[in-house]
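Respectively, the protein sequence lines represent chains P and X. Every letter in the first sequence is one number past the one before it in the working numbering, and letter 247, counting from 1, is 580. Every letter in the second sequence is one number past the one before it in the working numbering, and letter 59, counting from 1, is 392.
2 protein chains.
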Amino acid sequence: MLPNLKSVCAGLIGCALTLQALADPLPSWREGDNKNAILEFVTNVTNPESDQFVPVASRIATFDNDGTLWTEQPVYFQLIYALDMLKEQAKKDPSILDSTMLKAAVDGDFKTLMSGGKGALQEVINASHADISLNEFEQSVKQWLATARHPKTNMPYNAMVYQPMLELLSYLRDKGFTTYIVSGGGQMFVRAFAQDTYGIPPQQVIGSGLHLSYEVINGNPQLTKKPDIAFLDDGPGKPVGIATIIGKKPIFVAGNSDGDFEMLEWGSTNSLPSLGVIVHHTDAKREYQYDRDSHIGKLDKGLSEAGDRGWLLIDMKEDWAKVYPKTP
Amino acid sequence: MLPNLKSVCAGLIGCALTLQALADPLPSWREGDNKNAILEFVTNVTNPESDQFVPVASRIATFDNDGTLWTEQPVYFQLIYALDMLKEQAKKDPSILDSTMLKAAVDGDFKTLMSGGKGALQEVINASHADISLNEFEQSVKQWLATARHPKTNMPYNAMVYQPMLELLSYLRDKGFTTYIVSGGGQMFVRAFAQDTYGIPPQQVIGSGLHLSYEVINGNPQLTKKPDIAFLDDGPGKPVGIATIIGKKPIFVAGNSDGDFEMLEWGSTNSLPSLGVIVHHTDAKREYQYDRDSHIGKLDKGLSEAGDRGWLLIDMKEDWAKVYPKTP
Chain P
334 MLPNLKSVCA GLIGCALTLQ ALADPLPSWR EGDNKNAILE FVTNVTNPES
384 DQFVPVASRI ATFDNDGTLW TEQPVYFQLI YALDMLKEQA KKDPSILDST
434 MLKAAVDGDF KTLMSGGKGA LQEVINASHA DISLNEFEQS VKQWLATARH
484 PKTNMPYNAM VYQPMLELLS YLRDKGFTTY IVSGGGQMFV RAFAQDTYGI
534 PPQQVIGSGL HLSYEVINGN PQLTKKPDIA FLDDGPGKPV GIATIIGKKP
584 IFVAGNSDGD FEMLEWGSTN SLPSLGVIVH HTDAKREYQY DRDSHIGKLD
634 KGLSEAGDRG WLLIDMKEDW AKVYPKTP
Chain X
334 MLPNLKSVCA GLIGCALTLQ ALADPLPSWR EGDNKNAILE FVTNVTNPES
384 DQFVPVASRI ATFDNDGTLW TEQPVYFQLI YALDMLKEQA KKDPSILDST
434 MLKAAVDGDF KTLMSGGKGA LQEVINASHA DISLNEFEQS VKQWLATARH
484 PKTNMPYNAM VYQPMLELLS YLRDKGFTTY IVSGGGQMFV RAFAQDTYGI
534 PPQQVIGSGL HLSYEVINGN PQLTKKPDIA FLDDGPGKPV GIATIIGKKP
584 IFVAGNSDGD FEMLEWGSTN SLPSLGVIVH HTDAKREYQY DRDSHIGKLD
634 KGLSEAGDRG WLLIDMKEDW AKVYPKTP
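The structure is reproduced here in structure tokens:
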């Protein structure tokens with residue numbers, strides 16, 4: 334395509350710019366140090382002549398999901414899904430709301446819910462995510478995504494993915510990287526949309542999960558989610574999840590909160606060249622502005638240490654020309 | 334290459350046969366119903382004109398390891414590794430043999446060891462596999478494989494892989510399948526040799542595993558194996574491991590024992606065409622002969638039900654022209 338365009342363009346003003354724009358793999362990233370650092374890193378590790386060259390099999394990129402690939406405010410979208418499911422179930426059978434916390438949850442009383450700590454969240458997850466087969470759960474999440482709308486933007490939740498990160502995922506894959514999601518959220522929840530939304534297949538989605546039970550019901554084997562957590566893929570759990578599922582240390586790590594700190598730290602000690610990236614939520618107008626004091630996606634330690642550790646702090650407001658695919 | 338050979342061959346007796354042999358992707362499989370059924374299945378699911386066609390993304394093949402890809406007698410090779418490690422450690426510090434079971438283990442007193450059941454095996458695993466970093470463990474397994482020899486054949490353990498299964502793995506990969514190992518043995522143990530021995534990268538090895546702990550020691554993050562089991566990838570655990578790591582149901586499943594029954598059963602309910610294969614150890618001369626009464630790799634239920642369920646029973650003695658790569 335380029336040679337044709339070149340000949341059409343020959344002698345015309347502006348063609349040099351057009352070609353440059355066409356060649357830009359990250360058009361929603363504004364020119365600047367951060368964009369340059371990403372382009373330079375990828376160029377070096379994929380250049381066989383460079384002493385920074387990394388073979389394709391080791392080009393592992395891991396991305397957090399909530400707050401890194403899509404929005405996580407006002408609360409994690411999966412929690413909104415859980416509350417919606419709980420409300421739906423309670424309509425059919427109000428007796429399932431058999432505790433203060435479950436009642437608070439369906440009433441939207443987050444203050445009471447949050448005061449209940451992990452135990453309260455586990456109650457909500459058990460009531461909304463457990464005792465359901467993997468197939469039914471996948472269908473339920475897909476249906477919810479197709480109909481539910483975000484309280485602030487009124488967009489479908491999976492339209493609130495970051496256009497610059499979609500471009501980064503594609504760019505890395507074009508350059509021979511395998512892109513993984515390493516989410517503190519539910520592995521099966523993320524898998525329900527990761528292929529369509531991010532182009533990431535199930536085997537490249539790592540996340541938290543409930544225990545699964547294999548049961549043969551009327552001759553039909555099925556896997557059922559049970560109400561206890563098998564793996565928590567957050568903080569130090571992220572390197573553990575990566576080691577278990579990928580078995581290789583990433584060379585590119587992207588996160589946005591202190592829950593990604595250990596994944597960034599671990600990736601940085603790769604004997605191969607590596608790059609860490611932190612999405613800093615600085616854009617109150619187009620998205621949300623939060624860091625050290627947020628109840629969701631708290632970024633404190635990472636913000637303090639990014640400079641010394643050589644991690645890029647992506648300033649959402651300054652570095653991104655666009656936030657969501659369908660809005661500026 | 335073929336056109337050249339064809340022109341050289343033109344008019345010569347036997348050239349048709351030579352060409353046929355060259356084209357055979359499974360040369361160590363004797364002609365017969367089982368070989369034909371495998372070839373026919375793969376031909377159908379990869380033929381876009383066939384109503385059995387399966388897209389590349391769904392061509393998932395899962396293989397058990399012990400007894401399916403390599404020998405598992407007189408005991409699982411990983412247990413021999415564990416005992417060797419234990420003996421080595423006890424030489425340096427005899428005080429680690431602080432229980433009847435550990436003493437029995439280093440004395441090769443399998444009768445006492447087996448009488449201790451799972452608890453005894455857990456003791457041996459903890460003493461030999463735990464409190465070691467993943468990197469050190471990988472090096473240890475590699476070094477052991479390079480030097481240890483099998484008590485009966487005097488071959489390195491990783492030379493006791495089945496040539497027909499190596500051909501099957503390559504054949505499936507050539508046809509767009511992704512080949513996974515789903516082992517009841519240790520995931521990290523199998524990963525130490527799976528790439529070199531089977532051409533299977535770490536992210537395609539599923540297995541049992543101890544809990545991993547992320548620790549930063551003198552500024553160096555490392556993952557350490559802890560003395561408690563995180564996941565047992567055996568029996569009903571195999572579909573669970575596949576659902577967690579791959580997130581797709583396999584269309585080709587190979588096993589050899591009742592520990593593979595649920596994996597075979599689950600794969601057989603794929604809405605896509607699927608094939609199940611059981612390696613039946615019938616060759617006392619070239620390998621080992623065992624099934625219903627074996628203490629290792631017991632095949633009872635699978636043997637009884639294979640026919641009704643449409644799984645191929647591979648008769649090692651009859652179906653395989655060759656067992657190991659370097660011996661007949």
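Ideal placement from N, C-alpha and C gives every residue a C-beta, glycine not left out. None of these values were measured; they are calculated from a predicted model.
As assigned by DSSP and simplified to three states, the class of residue i
i, result
"residue 471/P", "helix"
"residue 599/P", "helix"
"residue 629/X", "coil"
"residue 399/X", "strand"
"residue 548/P", "strand"
"residue 516/P", "strand"
"residue 511/X", "strand"
"residue 533/X", "coil"
"residue 465/P", "strand"
"residue 380/X", "coil"
"residue 370/X", "helix"
"residue 450/X", "helix"
"residue 386/X", "coil"
"residue 524/P", "helix"
"residue 300/P", "The requested residue 300/P is not part of the displayed model; chain P covers only 334 to 661."
"residue 406/X", "coil"
"residue 429/P", "helix"
"residue 659/X", "coil"
"residue 605/P", "coil"
Cutoff 8 angstroms: residue i Cβ touching any chain P Cβ
i, result
"residue 562/X", "no"
"residue 579/X", "yes"
"residue 531/X", "no"
"residue 523/X", "no"
"residue 407/X", "no"
"residue 569/X", "yes"
"residue 595/X", "yes"
"residue 573/X", "yes"
Residues sharing a beta bridge with residue i, DSSP
i, result
"residue 562/X", "543/X"
"residue 646/X", "611/X"
"residue 495/P", "Answer is none; residue 495/P lacks a bridge partner."
"residue 556/X", "547/X"
"residue 588/X", "611/X"
"residue 622/P", "615/P"
"residue 362/P", "653/P"
"residue 393/P", "511/P"
"residue 538/P", "514/P"
Min CB distance residue i to chain X below 8 angstroms
i, result
"residue 512/P", "no"
"residue 599/P", "yes"
"residue 619/P", "no"
"residue 398/P", "no"
"residue 505/P", "no"
"residue 654/P", "no"
"residue 602/P", "yes"
"residue 446/P", "no"
Residue i burial status per 10 Å Cβ neighbour count (16 or more: buried)
i, result
"residue 376/X", "exposed"
"residue 311/X", "Past the edges of chain X, shown from 334 to 661, lies residue 311/X, and the structure says nothing about it."
"residue 405/P", "buried"
"residue 524/P", "buried"
"residue 392/P", "buried"
"residue 548/X", "exposed"
"residue 651/X", "exposed"
"residue 637/P", "exposed"
"residue 383/X", "exposed"
Heavy atom of the ligand NAD within 7 angstroms of residue i beta-carbon
i, result
"residue 478/P", "Absent from the structure shown: the ligand NAD. Ligands present: none."
Exercise. Below 8 angstroms between beta carbons is the criterion; list the residues of the segment 375-392 of chain P that meet it against any residue of chain X, in chain order.
Key: 390
Practice problem: Give, in chain order, every residue of the segment 473-484 of chain P whose Cβ lies closer than 9 angstroms to some Cβ of chain X. | Solution: none
Practice problem: Would you list, in chain order, the members of the segment 531-553 of chain P that have their beta-carbon closer than 8 angstroms to a beta-carbon of chain X? | Solution: 534, 535, 536, 538, 542, 545, 546, 547, 549, 553
Quiz item: Between the segment 414-437 of chain X and chain P, which residues of the former have CB atoms less than 9 angstroms from a CB of the latter, in chain order?
Solution: none
Quiz item: Using Cβ-Cβ distances below 7 angstroms, what residues of the segment 460-473 of chain X are close to chain P?
Solution: 467
Quiz item: Between the segment 490-502 of chain X and chain P, which residues of the former have a C-beta closer than 9 angstroms to a C-beta of the latter?
Solution: none
Quiz item: Name the residues in the segment 609-640 of chain X whose C-beta lies less than 7 angstroms from a C-beta of chain P; which are they?
Solution: none
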